[in-house]
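The structure under discussion appears below in the form of structure tokens.
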Amino acid sequence: MSEETSGRTVAELAALVGGRVRGDGAVRINRVAAFDDAGAGAITFVEERRLLPEALGSHAACLLVPSGAREESSAAAADAADGPALIEVARPKLAFALIAELLHPPKRHAASVHPTAVVAASAQIEEGVYVGAHACIGERAQVGAGTQLHTGVIVGDDVRIGRECVLRPHVVLYNGVELGARVVLHAGVCIGADGFGYVRDEDGYRKFPQIGSVVIEDDVELGAHTCVDRGALGTTRIGRGTKLDNLVQVAHNVQIGARVVIAAQTGISGSTVIEDDAVIGGQVGFGDHARVEAGAVIGSKAGVLPGKIVRAGTVQWGVPVRPLDEYKRLNAHFGRLPQMRAELDELRQRVAELAALVETKAD
Amino acid sequence: MSEETSGRTVAELAALVGGRVRGDGAVRINRVAAFDDAGAGAITFVEERRLLPEALGSHAACLLVPSGAREESSAAAADAADGPALIEVARPKLAFALIAELLHPPKRHAASVHPTAVVAASAQIEEGVYVGAHACIGERAQVGAGTQLHTGVIVGDDVRIGRECVLRPHVVLYNGVELGARVVLHAGVCIGADGFGYVRDEDGYRKFPQIGSVVIEDDVELGAHTCVDRGALGTTRIGRGTKLDNLVQVAHNVQIGARVVIAAQTGISGSTVIEDDAVIGGQVGFGDHARVEAGAVIGSKAGVLPGKIVRAGTVQWGVPVRPLDEYKRLNAHFGRLPQMRAELDELRQRVAELAALVETKAD
Amino acid sequence: MSEETSGRTVAELAALVGGRVRGDGAVRINRVAAFDDAGAGAITFVEERRLLPEALGSHAACLLVPSGAREESSAAAADAADGPALIEVARPKLAFALIAELLHPPKRHAASVHPTAVVAASAQIEEGVYVGAHACIGERAQVGAGTQLHTGVIVGDDVRIGRECVLRPHVVLYNGVELGARVVLHAGVCIGADGFGYVRDEDGYRKFPQIGSVVIEDDVELGAHTCVDRGALGTTRIGRGTKLDNLVQVAHNVQIGARVVIAAQTGISGSTVIEDDAVIGGQVGFGDHARVEAGAVIGSKAGVLPGKIVRAGTVQWGVPVRPLDEYKRLNAHFGRLPQMRAELDELRQRVAELAALVETKAD
């Protein structure tokens, strides 16, 4: 496909994202690019208006800009007759993401089962499924239409996988796990291992039963090596549209709502609940039976005590978590402890002098 | 097997756990269940007496309750003639775990070597071993009777694995690693990778030799993606009956005793010693050459400095760790820093006024 | 090979490391050993002079000691006529590492492609390459001479791997990733998974494009299960000679310089830069767009805020990071908060008494 006919025109992309073209709508765009790496055929974006003057000097073929930004930069605009074509749009970064999906669709493998894969006779594989080399699919497992199981993916017995999922190399689904549609699991994700529950007796620890399951709802994406343990007796659940980064630990019976985001290396102890639309930083630790109400935001490295309730919509940091304002105030006080110590010493000295003076005069 | 003949009777289960039947000992039980999910054929448990009245209204077929609890709840008991059968036992949760082992034994694969597995001719495989698809067993490796090596498990050269172990998919044992009997390794566990040791020279870092080994004793269970590095020159060791959660890091030459539990994402630096019966929370970090004496408890997210000794039986939290009482007291003071600041300011003002008064009168 | 002809003589080893023999240069050495585990045929080392007297009583056949140390320990030396041969050298530990490389070279597999491996016809495999069982090599991938791809390694399409690399079992390289020469990746390392970037719209999160790449330069070593995400639009890069421990998370577009060391379970958020020769502890968390200047040292469990610049050569600890001196001072003040509280209360009391006295006299 030649450069002249590949990709889409600026006008087509503007229509896709509901934007307005300024400049030559016939320019062809075939890739997205970072601002400082954009050249011929590339589209990039500016989210902040203050960066617009600089952006107009970009070598990009097309620039997504905030609506109305063009008029505000009339001086710059005058110079930009030969600059990039512009698409004005309410949310340039979101538009950029949509255009990237169009111009850079994820590679898909053709429907096929690699001869080295091991698929149980009782497994049900719908149409359009790709099963890569050395993948294994267990007894009675169901794999939905169009799903891609990459090299070395292991699907246990009685697993159910929805349509159009992508499981990257070496993902492991233990027996009985359930995935919705369009779930993306990166390399090494492990779902359904035993939760960490034991009962102590005289000789040591006996396993508390870990015989529940895991349900991962539609449109969830889990990062590399993230672990989601099966419920002890009930179900561990991750809600629709939720995204977890790499190396996250989700313990037994945790309930994560819809559209939650959790950054890397965070760990969530048993039975904790994270409600819809929460935003959780990296390396956060949750004790068991905690609850994060809807829309709360928890800063990276925070610690949430067992049973703690983080109120809806609040922003909390620290170990243990506190409202961000309070966290900042306390940290500022902490940093000034030496000064406070000095003031206290000085004041003691002053009081001692004063006392001496008073007592002298009292004589 | 029909519902009428499957499972065990209440009387049989009571005998197993040394409990006493109250109600119909002939009722058949075929599954354990969570309290609020228990129905026909299910047994559940109540650990705390105060929950007993509610529990007696459960739809469970059988309820494990603390010894003597029945008498204390005589009012409730009167109503419970058609409620669940009861088994009174000293430790209901422990009894529940024992019954779960009986009613829900882990699935075992029949002894077999999958045709896609690659087993070295010099490996010694005892009777009853299962070797799953795409597993690999190295030269001179020994695999004990009844051990289950799941799909994609990799056993290096000269590895020794005891009897009745279960290695879940994609476990990797580097050359020379040694496992005792009944060891359970969850998916992705990696044992025997090089420790992190280098010597700096003019050009950069040279590897300090990482040529020791790893010994995992009987009845150890390691969670998904947990890593145990080989000793630099000596041996990294995890003692009998110890349980590690997911994503734990155990560095070279670490010595972990018997019956230790360590929650997810904790990291233990080189040569640190954790003695028997210690209990370690999640996301704890240990510097190198630290020592946790027997039975100590360390709270989640704590930090233990290099060389630190945590005394036997103490409970410690924080970064760096302190005794829990002290940790709580300091945290309370920390939270009141703004008030302390205000009091100090007020007192300065008061002293200034007083000084002015004294000096005025001194004139 | 008999004990008499295996290994090297003390004189040969001394020549290798530029050291000076004291004692019998003809003694044969065939292994390195830890100090307290050294016996016949073994060489060990003493780095600290104060340990030399004890060391001279070692059962080792040869001892690497600091230059000049022998003279300083003349008393001990007198007794050591039948003790170990000595090699005096400027840096005994470094010399020990060099000798270990010679005596314990890593096992190498002969050049071969295992019949169960799946290698794309378009892949270019140079001479001397080992491709283990169940390994997969994608379309147009290039594998440099002498590289060892262990069991179950997955090399994506268009990946480039340099010479003499060692990829341990189950390493996953996503499409397009690039490795230099002599790169060592331990089991389960995952390079090139999607970075964690989304744009929120009305319905939830849409993926921001994660279509950049990853470059791992020469002589890098990455620990087990460490994850390096691909750039969103640009490239994630790890510089020459850098060493990462196990379970480290490197997010999209991170730039790590040369000869950096990073201990286990540290996480680095997007676009953060860590310059040459930095030393980073374990469980450290970096916010995005932070910068660690050359040679800085960051203590374990520290937290670096987004956008923070850690100055070259400084040593910083804590959450958020502070210079080590300040961190220590503040921690000391923190530990004395109860005392400060008591002093403040006492001073208030004193001032109240004084005020009463003044006011009484004022009457």
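Protein chains in written order, with our numbering: chain A, 1 to 363; chain B, 1001 to 1363; chain C, 2001 to 2363. Idealized CB from N, CA, C, for every residue including glycine.
Where residue i and residue j are concerned, what is the direct C-alpha to C-alpha distance, given to the nearest angstrom?
i, j, result
"N2246 (chain C)", "G2188 (chain C)", "10 Å"
"P306 (chain A)", "N253 (chain A)", "14 Å"
"G1287 (chain B)", "S2269 (chain C)", "23 Å"
"V166 (chain A)", "E101 (chain A)", "15 Å"
"G2146 (chain C)", "G1223 (chain B)", "35 Å"
"Q210 (chain A)", "Q2142 (chain C)", "44 Å"
"V131 (chain A)", "S2213 (chain C)", "25 Å"
"L64 (chain A)", "G2231 (chain C)", "21 Å"
"E54 (chain A)", "W317 (chain A)", "36 Å"
"M1001 (chain B)", "E127 (chain A)", "Confidence at M1001 (chain B) is low in this model, with a pLDDT of 41, below 50, so its placement is unreliable and the value that follows should be read with caution. Near 36 Å, if we compare the C-alpha coordinates of E127 (chain A) and M1001 (chain B)."
"R291 (chain A)", "S2271 (chain C)", "31 Å"
"Y2198 (chain C)", "L185 (chain A)", "16 Å"
"I43 (chain A)", "I2256 (chain C)", "28 Å"
Could you have a look at residue i and say whether DSSP puts it in helix, strand or coil?
i, result
"A1251 (chain B)", "coil"
"P1169 (chain B)", "coil"
"F2096 (chain C)", "helix"
"T1151 (chain B)", "coil"
"T1009 (chain B)", "strand"
"A1015 (chain B)", "helix"
"V32 (chain A)", "strand"
"R200 (chain A)", "strand"
"L324 (chain A)", "helix"
"V2351 (chain C)", "helix"
"A1085 (chain B)", "strand"
"P1338 (chain B)", "helix"
"P53 (chain A)", "helix"
"V2119 (chain C)", "strand"
"V2260 (chain C)", "coil"
"K361 (chain A)", "helix"
"R329 (chain A)", "helix"
When we look at the beta-carbon of residue i and count the other beta-carbons within 10 Å, is it buried (16 or more) or exposed?
i, result
"D1194 (chain B)", "buried"
"S58 (chain A)", "buried"
"I238 (chain A)", "buried"
"P1106 (chain B)", "exposed"
"K207 (chain A)", "buried"
"I2309 (chain C)", "exposed"
"K2328 (chain C)", "exposed"
"A1356 (chain B)", "exposed"
"A115 (chain A)", "The question names Ala, yet the displayed sequence has Pro at residue 115 (chain A). Exposed, since its Cβ has fewer than 16 Cβ neighbours within 10 Å."
"R1050 (chain B)", "exposed"
"K1361 (chain B)", "exposed"
"A1342 (chain B)", "exposed"
"A1352 (chain B)", "exposed"
"E1359 (chain B)", "exposed"
In terms of alpha-carbon separation, which member of the options lies closest to residue i?
i, options, result
"S300 (chain A)", "C:G2204, C:G2267 and C:C2136", "C:G2267"
"D2157 (chain C)", "C:W2317, C:E2343 and C:A2121", "C:A2121"
"D1082 (chain B)", "B:A1133, B:V1027 and B:E1048", "B:V1027"
"V284 (chain A)", "A:T314, A:V319 and A:L103", "A:V319"
"Q1367 (chain B)", "B:A1110, B:R1108, B:R1163 and B:I1087", "The structure shown has nothing for residue 1367 (chain B), since chain B only spans 1001 to 1363."
"H1109 (chain B)", "B:V1220, B:A1312 and B:Q1148", "B:Q1148"
"P2084 (chain C)", "C:V2129, C:G2018 and C:T2009", "C:T2009"
"G2068 (chain C)", "C:E2326, C:C2062 and C:A2090", "C:A2090"
"V1183 (chain B)", "B:V1159, B:T1044 and B:E1217", "B:E1217"
"G144 (chain A)", "A:E275, A:H225, A:E293 and A:V159", "A:V159"
"E2137 (chain C)", "C:H2104, C:L2103, C:I2099 and C:G2176", "The question names Glu, yet the displayed sequence has Ile at residue 2137 (chain C). For I2137 (chain C), the nearest C-alpha among the options comes from C:G2176."
"V200 (chain A)", "B:E1139, B:L1103, B:A1258 and B:A1038", "For the record, residue 200 (chain A) in the displayed sequence is Arg; it is not Val. It is B:A1258."
- Segment contact, 8 Å Cβ cut-off, at least three pairs: the segment 2326–2333 of chain C with the segment 338–355 of chain A: yes
- Query: Any contact of the segment 259–266 of chain A with the segment 276–286 of chain A, i.e. 3+ C-beta pairs under 8 Å?
  - Reply: yes
- Tell me, please, whether the segment 1225–1243 of chain B touches the segment 2227–2241 of chain C by the rule of three or more beta-carbon pairs shorter than 8 Å. no
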